[in-house]
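A.B. asks: Residue numbers (our numbering): 158 to 579.
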Ligand SMILES: Cc1cc2nc3c(=O)[nH]c(=O)nc-3n(C[C@H](O)[C@H](O)[C@H](O)COP(=O)(O)OP(=O)(O)OC[C@H]3O[C@@H](n4cnc5c(N)ncnc54)[C@H](O)[C@@H]3O)c2cc1C
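1. Check this for me: beta carbons of residue 261 and residue 314, under 9 Å apart or not?
2. Does DSSP classify residue 373 as helix, strand or coil?
3. Give the secondary structure of residue 337 by DSSP, where H, G and I count as helix, E and B as strand, and everything else as coil.
4. Let me make sure I understand the geometry here. Which of 372, 513, 217, 416 has the alpha-carbon closest to that of residue 426?
5. Give the single residue among 501, 515, 511, 404 whose Cα lies nearest to the Cα of residue 419.
6. In the DSSP assignment, what are the bridge partners of residue 449?
7. Provide the residue(s) that pair with residue 255 in DSSP beta bridges, ordered along the chain.
8. Can you round the beta-carbon distance between residue 243 and residue 257 to whole angstroms, since I take them to be within the 8 Å contact cut?
9. Please classify residue 306 as buried or exposed, where buried requires at least 16 other C-beta atoms within 10 Å of its C-beta.
10. Just checking residue 196 against ligand 1 - is the residue's beta carbon closer than 8 Å to any of the ligand's heavy atoms?
11. Taking 8 Å as the cut-off, is the beta-carbon of residue 515 closer than that to any non-hydrogen atom of ligand 1?
12. Measuring only from the beta carbon, is residue 222 closer than 8 Å to any heavy atom that is part of ligand 1?
13. Quick check on residue 168: does DSSP put it in helix, strand or coil?
14. My understanding is that residue 177 touches residue 558, with C-beta atoms under 8 Å, so please give their C-beta distance in whole angstroms.
15. Below 8 Å on the Cβ atoms is my contact criterion, and I expect residue 439 with residue 471 to pass it. Report the Cβ-Cβ distance as a whole number of Å.
16. Is residue 456 near ligand 1 - that is, is its Cβ less than 8 Å away from at least one heavy atom of it?
17. Please report the distance separating the alpha-carbon of residue 382 from that of residue 203.
18. Under 6 Å Cβ to Cβ from residue 575, same chain only, skipping five residues before and after it: list those, please.
19. Between the C-alpha atoms of residue 194 and residue 373, what's the straight-line distance to the nearest angstrom?
20. Any Cβ of chain D within less than 9 Å of the Cβ of residue 395?
21. Taking the CB atoms as reference points, tell me whether residue 475 and residue 496 lie closer together than 9 Å.
22. Going by DSSP, what residue range makes up the alpha helix (DSSP H) through residue 403?
As C-alpha cells, this is what we get:
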C-alpha cells in the first residue's frame, strides 16, 4: 500500500449492490483501476433479494450474472467482500481509506461443493430471507452468490462443530483461525454506493407489525414469492402456512409522513403492483386490495399500473388505514375510512403487506467521519474532502434499478474525471 500523501488513480467503490457493481465495472472497462468493497459475503445487494424486478419482471439473476461476467473478465477490478470502510482522510487524488475486514473462515480454495454445510448442525438466522428462516452455520449467502464461496458463522467458531466443518472440507478451504483485519489503501476517488435499508416497520405502532404474525413488509413479500425464499415461492401466510389469497397492501406505510420518512421512496407503489401480479399468478382466485394515498408509477411504468388496474380482482381503495387489529382466526383486520365514499371499513384479510420505504444508510456507510448528506440523510458527498467523493444508486436517493444504474454510470465518469484531474 502507498504511504499517506501519495497520489493514486484508483477508484474505491463502497457497496456491492447493483449501483456499486455498475460503477465498478463501468469505471474498470473505461480503463480505471477499481477496488469494490462490500460488507456482506456476496455482491448483489438488495436486488438479489427480489423475487423478480420490474419493468420486465425478470429474475434478478439476469441483471446480476451479466455483471458478474464483466467482473470476472476485468483484471483492473478487485472485489473485497466482508469489508467496510472505517475512515477516509486526505484529499481528491490522494485519499487514505481505512478498510476493515471480518473473517469469512473460508478461503478462495472453496469450490462451493457444500460439504461444510452438510457437516453443520447449528442453524443461524438467514439475512437473505430477512430472517424468515435459518441456514446452516456454514452456508452460501444465497444461490447466486458472488463470489460463490461459503461463509462460516462466527457463533460456531471455537466449538467442536467448527472442527467437524473443517474436517469435512476436502479442499482445505476452511480457516478457523482467520481474525478481523484492517489495512489502509490510497485511492484517488471514492464512490459511495451503500444503498438503503427497509424502514423499520415496528415503528408503525397502529399496524402492529410486531404483534400480528400475518402483517408483513414488502421486502418480506419478495422473499415469500421467490423460489429461493423460505416457502420456495409459495405465498403462504406466516401464522399457519395457509395460502394468502385475500391480501391487502398499505401504501406509504411510514413514507410521506413527517413522523417517519418524509419523502416518497418512488418504488413502493410499483412494488405493490408487482406483488399484486405475484399473487394473481400464484392463485387464480386471489383478491388484492391496495390502500393508497395516490399511486405514483413513474415514467414508463405507468403502463404496468394500467395493466394491474384492469384486473377486476385487484381493487384500489383511496385511504390510509388507521389501524390493524386481529380476529380470532388470526386474520389481520384493517380499520379506516374510504376517502372517496366516506364509508368506514373494517375488513379482514389473510395477510397484510406494509409497503415500507427505503431508508438512507449514510450513518452506517462510514461511521468515523460524517459524509455530507441531504435533508433526508442521503449522501451528496461531492463537496466532502476535496471533491473526489460521489454517491450512486439509492445511497444518493430513492431510485429503482434502472435509475440506480444510470446514476452509477454517471458516478463512474465523475470518479474517472476526479482521478485524472478533470
Ligand atoms: C419491496 C421493494 C421491491 C423493489 N422492487 C424493484 C423492482 O421490481 N424493480 C426495480 O427497478 N427496483 C425495485 N426496488 C428498488 C431496488 O431494490 C433498488 O433500486 C436497488 O436495491 C438499489 O441498489 P443499490 O445498489 O443502490 O443499493 P442496495 O441494493 O442496497 O446495495 C447496497 C450494497 O452496499 C452494501 N453496503 C452497505 N453499507 C456498506 C458499507 N458501509 N460498506 C460496504 N458495503 C456496504 C450492502 O451490503 C449492499 O450490498 C424495490 C425496492 C423495494 C423496497
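Think of the CB as a built atom: it goes at the ideal place given N, C-alpha and C, for glycine as much as any other residue. Fair warning: this is a prediction, and the values are worked out from it, not measured in the lab.
C.D. replies: Let me lay it out:
1. no
2. strand
3. coil
4. 513
5. 515
6. 475
7. 244, 341
8. 5 Å
9. buried
10. In this structure, residue 196 has its beta carbon less than 8 Å from a heavy atom of ligand 1.
11. yes
12. no
13. strand
14. Wrong, their Cβ atoms sit about 13 Å apart, outside the cutoff.
15. Wrong, their Cβ atoms sit about 13 Å apart, outside the cutoff.
16. no
17. 15 Å
18. 249, 346, 545
19. One C-alpha to the other measures close to 31 Å.
20. Note that chain D does not occur in the displayed structure, where there is just one protein chain.
21. yes
22. From DSSP, residue 403 is part of no alpha helix (DSSP H) but of the beta strand (DSSP E) over 403–410.
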